[in-house]
Structure formats: structure tokens, C-alpha cells
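Participant:
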Amino acid sequence: MRRFSSLGAEMRVLVALSVLCDGAESVEIVSVDRRLGTELAEAARELLLFEPEVRLTVVATELREALASLTMR
Amino acid sequence: MLKVMPWDPLKLPRIDGKAAEWSRGFLRCAPLRWFPDLDREFHSFCVNLGWEASIQRLEPSLQLPSYAQERLLLVAQGEPLALVMEKQAAAQLGELFMESPVPVIRQQGVQYLGRRLVARMARSWVGGGDQQLRLFVDQDQIVRDDSWVGSIQFSLRINARSFEGAFLVGPRIMGLLDGLWRRQLRSGTQSDITAGPLLVALGEVRVPPLDLPQLLSPGTQIRFEGYGRGELGRGDLGKGEGSARGPRAAEERSRASYEEAGYLMKSNGARMRVALQLGDSHDFLVLRSATSSPVTGRGLQAVSVSTNSTIGPAQAFESPPSLAAEHSRVTFGFGEVTIDPATLAEFCQPGAFLETSIAASSEVGVFVGGELAARATLGVTKGEGAWVATIL
Numbered sequence: 511m512r513r514f515s516s517l518g519a520e521m522r523v524l525v526a527l528s529v530l531c532d533g534a535e536s537v538e539i540v541s542v543d544r545r546l547g548t549e550l551a552e553a554a555r556e557l558l559l560f561e562p563e564v565r566l567t568v569v570a571t572e573l574r575e576a577l578a579s580l581t582m583r
Numbered sequence: 011m012l013k014v015m016p017w018d019p020l021k022l023p024r025i026d027g028k029a030a031e032w033s034r035g036f037l038r039c040a041p042l043r044w045f046p047d048l049d050r051e052f053h054s055f056c057v058n059l060g061w062e063a064s065i066q067r068l069e070p071s072l073q074l075p076s077y078a079q080e081r082l083l084l085v086a087q088g089e090p091l092a093l094v095m096e097k098q099a100a101a102q103l104g105e106l107f108m109e110s111p112v113p114v115i116r117q118q119g120v121q122y123l124g125r126r127l128v129a130r131m132a133r134s135w136v137g138g139g140d141q142q143l144r145l146f147v148d149q150d151q152i153v154r155d156d157s158w159v160g161s162i163q164f165s166l167r168i169n170a171r172s173f174e175g176a177f178l179v180g181p182r183i184m185g186l187l188d189g190l191w192r193r194q195l196r197s198g199t200q201s202d203i204t205a206g207p208l209l210v211a212l213g214e215v216r217v218p219p220l221d222l223p224q225l226l227s228p229g230t231q232i233r234f235e236g237y238g239r240g241e242l243g244r245g246d247l248g249k250g251e252g253s254a255r256g257p258r259a260a261e262e263r264s265r266a267s268y269e270e271a272g273y274l275m276k277s278n279g280a281r282m283r284v285a286l287q288l289g290d291s292h293d294f295l296v297l298r299s300a301t302s303s304p305v306t307g308r309g310l311q312a313v314s315v316s317t318n319s320t321i322g323p324a325q326a327f328e329s330p331p332s333l334a335a336e337h338s339r340v341t342f343g344f345g346e347v348t349i350d351p352a353t354l355a356e357f358c359q360p361g362a363f364l365e366t367s368i369a370a371s372s373e374v375g376v377f378v379g380g381e382l383a384a385r386a387t388l389g390v391t392k393g394e395g396a397w398v399a400t401i402l
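Protein chains in written order, with this note's numbering: chain A, 511 to 583; chain B, 11 to 402.
1) Considering only their Cβ atoms, is the gap separating A:Val-525 from A:Val-542 smaller than 8 Å?
2) List, in chain order, every chain B residue whose beta-carbon is nearer than 7 Å to that of A:Glu-520.
3) In or out: A:Thr-581 buried (at least 16 other Cβ within 10 Å) or exposed?
4) Can you confirm whether A:Leu-580, when its beta carbon is compared against all beta carbons of chain B, has any partner nearer than 8 Å?
5) Excluding sequence positions up to five away, which residues of its chain have a Cβ less than 8 Å from the Cβ of B:Asp-246?
6) May I ask you to list, following chain order, the residues of the segment 513–539 of chain A that have a beta carbon less than 8 Å from some beta carbon of chain B?
7) What residue from B:Trp-191, B:Lys-392 and B:Phe-52 has the CA that sits closest to B:Arg-233's CA?
8) Among B:Thr-348, B:Ser-161, B:Ser-371 and B:Gly-345, which one has its Cα closest to the Cα of B:Leu-68?
9) Going along chain A in order, which residues have a C-beta closer than 9 Å to the C-beta of B:Val-128?
10) Is the segment 179–193 of chain B touching the segment 73–91 of chain B, taking contact as three or more C-beta pairs under 8 Å?
11) When you compare each of A:Leu-546, A:Val-523, A:Arg-545 and A:Ser-528 to A:Leu-558 by their alpha carbons, which one comes out closest?
12) I need the DSSP call for B:Arg-34, collapsed to helix, strand or coil.
13) Along the chain, where does the beta strand (DSSP E) containing B:Gln-231 start, and where does it finish?
14) Using DSSP with H/G/I as helix, E/B as strand and the rest coil, what is B:Gly-137?
15) Among B:Arg-281, B:Val-340, B:Gly-124 and B:Met-95, which has the Cα closest to the Cα of B:Glu-148?
16) Go through its chain and collect everything with a Cβ distance to B:Phe-294's Cβ below 8 Å, but skip five positions before and after it.
17) What are the residues that DSSP puts in a beta bridge with B:Val-340?
18) Work out the CA separation of B:Gln-118 and B:Trp-135 for me, nearest whole Å.
19) So, for B:Ala-326: in the same chain, excluding its five sequence neighbours on each side, which residues have a beta-carbon less than 6 Å away from its beta-carbon?
20) Under 8 Å, do B:Trp-17 and B:Gly-345 count as touching if we go by C-beta distance?
21) Can a CB atom of chain A be found closer than 8 Å to the CB of B:Asp-150?
22) For B:Thr-341, I'd like the list of residues in its chain whose CB is within less than 6 Å of its CB, leaving aside the five on either flank, ordered along the chain.
23) Straight-line CA distance for B:Ala-132 to B:Ser-299?
24) For chain A, check one thing: does any of its Cβ atoms lie closer than 8 Å to the Cβ of B:Ile-183?
25) Between which two residues does the beta strand (DSSP E) harbouring B:Glu-270 extend?
26) Consult DSSP for B:Val-347 and reduce its assignment to one of helix, strand or coil.
27) Taking the beta strand (DSSP E) that B:Phe-45 belongs to, which residues open and close that run?
28) Of the choices A:Ala-534, A:Ala-578 and A:Val-569, whose alpha-carbon is the least far from that of A:Met-511?
29) Three-state secondary structure (DSSP) at B:Gly-250?
30) Is DSSP giving B:Pro-16 helix, strand or coil here?
31) On a Cα-Cα basis, can you pick out the residue from B:Trp-61, B:Gly-189 and B:Phe-177 that is closest to B:Gly-137?
32) Do you know offhand how far A:Phe-514's Cα is from B:Val-112's?
33) Since B:Phe-146 meets chain A, which of its residues come closer than 8 Å, beta carbon to beta carbon?
34) In angstroms, rounded to a whole number, what distance separates the CA positions of B:Asp-350 and B:Leu-20?
35) DSSP has B:Pro-90 in a bridge; who is on the other side?
36) Can you check whether the C-beta of A:Leu-577 is within less than 8 Å of a C-beta belonging to chain B?
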């Protein structure tokens, strides 16, 4: 998850939330960012490569970790 | 002789110039019409979250929200746009979504919801024909506060809680939406509906034809009921329609800035309700459409979103009251206007303004069967505040 891991915490939260809530449509939703849209879309695609039964656990974990790093600031 | 007080037309309220400029387009538009799939997009989203959500209000305005805001900066068709929400409401929405009271977590939730909305808007836009809506989030842009010239304010209801927010728009977006709305109105106009000259009428009496010569002789005072009067309101069309009498009404009519109600009347007597105002920088009459607001229904999820319906000329003009065969209609009017069908279609929208070249005057024409038969000076009775026309 190179692309995803290279994002800042706020963007990792955004991508993880969208993948959890929007599934395949998360690519379109996160790409609406003018500056980071391409990177965010690539990161969403990385997460979507996980099989659905695994994806929920992986993405939820990433989301929790990103939120935790935000709250520790 | 009736005791009559003079009526000063310069006491009519003056329009806000900017409101008049945008009154037939941007300020009347129903934005959801350009995003017809938006409610479906959010329907399943809200259901999955267990939310009961509806749009309570979606209103273009020249006012900017004054509350402290959470702001998501956007770019639309190359111009800054902002999606804002009242700070407290944003915090509550974030807490509702993320199920966490921690501020930074709440904020992330609101960011996601805002970006999701923006993405869905870009996808569902149908306003520009084949032209796509280039809509992006750009939080890094520097935007001055004076970039905004108007807003589209909204109020959401989610699980019995209200959330206030708005889109802040710049001049280019405002012009885009204004032109788009007006073009769509005009494209729906039947070109064979010609209004012909329309009389700006204040009131009427019905008299037997044999009484006309005496009625129209110089010095005759004719007391007549106006078509109603409206309280000075800020675009609130529902207020004050209906006659008002009594000493206070009379005093107000002569002294205060008070909107008067009238009709735009066709030669066959068909009439459209208007309110009379003055220009912001001139003393010509400006008409405000006072047709009834169309019934609208808006909502997400449990209540389906319906787009605003507009009133066309066919619905805006009411049939005249029936006239007994033995009576003539005597109408008191300020003058005539000729409006092309497309402009009339725009003006029929409740709250739209139309500037005229009729100078504000206390002198009116007296029309019988659509023909100018005499001129008169307007006044109001002491006590009752009823109109009195004194034939010149």
C-alpha cells in the first residue's frame, strides 16, 4: 500500500472512510481534490485491490491508525 | 365631499438594485433541478447510516451567512466556490457521522461528507447540456472574503436535528446560474403568447353605463377599493396581501413607505397580481410579481425530492371577476407596459421584478373598457384609507 501509506494522516482518513462507505465509487469521490485527486484515487485503488472479505478489516484498521495519529498531535 | 388626504407615490418602497438585477434568474432558481440524481445518490447513503434526512430549505440569496463557519473551498468552472456550514452544526454532523465527540475526528467526518457531496454534484449536473461541471475541492487556494456576491443557503434535517449551511458563490457562478435559469424559462415559453400592452392597474369600480358621463365629469370623487396592499416585506410574498383599512392604514399610506398592490391587466380583464415599488435610483414604477408561490416539495430519503415548478403566464393571469351585463368596468391605472413573451415568462415568477418607464405619479388614467376615458388625482380617505380618484 505504498501510495496509501505515503499520504498524510488527514488524507488517509479520507480515503479509508470513502473506501469503507463508497466501495468502488471511492475512486471517483476522492479524485475531486484538485491538487491531490490523482494520488488519492491511486490510494483508493490500492485499498480496493483487497478482497472484500479482507478489505473491511484492513481499511478499518488503517482508519483507526490514521485517526489515532491525528488525535495524538 | 369626501375628506381626502393626498397620496405621495414617492413614499413607495424602493427596490434594492442588486435584488432587481438578479430577481428573474439567480434569485428564483431551483438548484436541485440541475442535479436531479442527487437525492437518489444520497438516498441509499442515508439509509445505510440509519438517517432520516430531508432538505428543509434551499434558497438562493444575495445575503451571506453571518455565522461562524466550517468551510470547504471549491473551484467551479474556474471560479472559487465555498461550501460552508455553521460551526456548531458541522461539529454535530461530524459527531453524528463519526460517532465520536473528539473534534479532530468530527472534522474529518465533515470533510469526507463535504467532498462526497461535491463529487456527487459534479457527477449529477445536467445544467449545461453536454457541458460538464468542473467542480473540485481546493483547500489551498487563497480566497478573499469579498469574492462572494451571493449564496445558496440550505437547511438539512437529519434525525430531527437541523443543520444550516450554504454555498457561497462569486459573480461568475451567479451569472452562470442566472443565465441558465432564464434560458430554461424562455425555452419553455410559447412564442404565440403575446401579452400586448398591459395596464398597471390599482383598482376598479363597476357602474351602469348610464352613470359614466356623471362619473367622469371633472371634480367627481370616486371612492374605490384597491386590489389590496402588502406590507413592506423582504421578498416575503405571503405577507400582507389583502385590504387594510383604518386610521393607522390611512396614516401609513400617506406617511410611511408602504407597498401597494395592483394588477397587470390585459385588455380582456385577465390580471396578474403585482406590488408597486420605485427604482433604487429613479422614480419610475417597478413591479414585483405577487403571483402565488408554486407548491414545492423537497427532501432526501424518506421524502422524494421534487424540483421546483414555475408559474407561466397562463397560470399567473387570473380571469377577471364576472361583470354583470349591465355594468361597465372602470379601471384606475398608472399606465401601460409592453412585455415580450420571454420577459413575461421570467416576470411571472413570484418575487421577480420588472422595471417600467411609468413615472411615479399621483395622477392616474381612468380606463373604461380598456380605453382611456379621463385622468384623475389619487388620494386616500381620512379614517378608512380607501382610495379616492378625483376626476381632472
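Quick reminder that beta carbons are idealized off the backbone N, C-alpha and C, glycines included.
Facilitator: On the basis of the supplied data:
1) no
2) Gln-118
3) exposed
4) yes
5) The pLDDT assigned to B:Asp-246 is 30, lower than 50, so where the model puts this residue is not dependable, and the model offers no usable value.
6) Glu-520, Val-523, Leu-524, Leu-527, Ser-528, Cys-531, Asp-532, Glu-538 and Ile-539
7) Residue B:Lys-392 is the option with its Cα nearest to B:Arg-233.
8) B:Ser-161
9) Ile-539 and Val-542
10) yes
11) A:Ser-528
12) coil
13) 231–236
14) coil
15) Just to set this straight, residue 148 of chain B is Asp in the shown sequence, not Glu. For B:Asp-148, the nearest C-alpha among the options comes from B:Gly-124.
16) Leu-288, Glu-365, Thr-366, Ser-367, Ile-368, Ala-369 and Ala-370
17) B:Val-215 and B:Val-378
18) 26 Å
19) Met-282, Thr-301 and Cys-358
20) no
21) yes
22) Ala-211, Glu-214 and Phe-377
23) 33 Å
24) Judged by the 8 Å Cβ criterion, B:Ile-183 is not in contact with chain A.
25) 270–275
26) Strand at B:Val-347.
27) Per DSSP, B:Phe-45 belongs to no beta strand (DSSP E) and is neither H nor E.
28) Looking at the Cα atoms, A:Val-569 is the closest of the given residues.
29) A caution first: B:Gly-250 carries a pLDDT of 32, below 50, which makes its placement in the model unreliable, though a value can still be read off. B:Gly-250 falls in the coil class under three-state DSSP.
30) strand
31) B:Gly-189
32) 24 Å
33) Near B:Phe-146 (Cβ distances below 8 Å), the residues of chain A are Val-542, Asp-543, Arg-544 and Gly-547.
34) 28 Å
35) B:Val-85, per the DSSP bridge assignment.
36) yes
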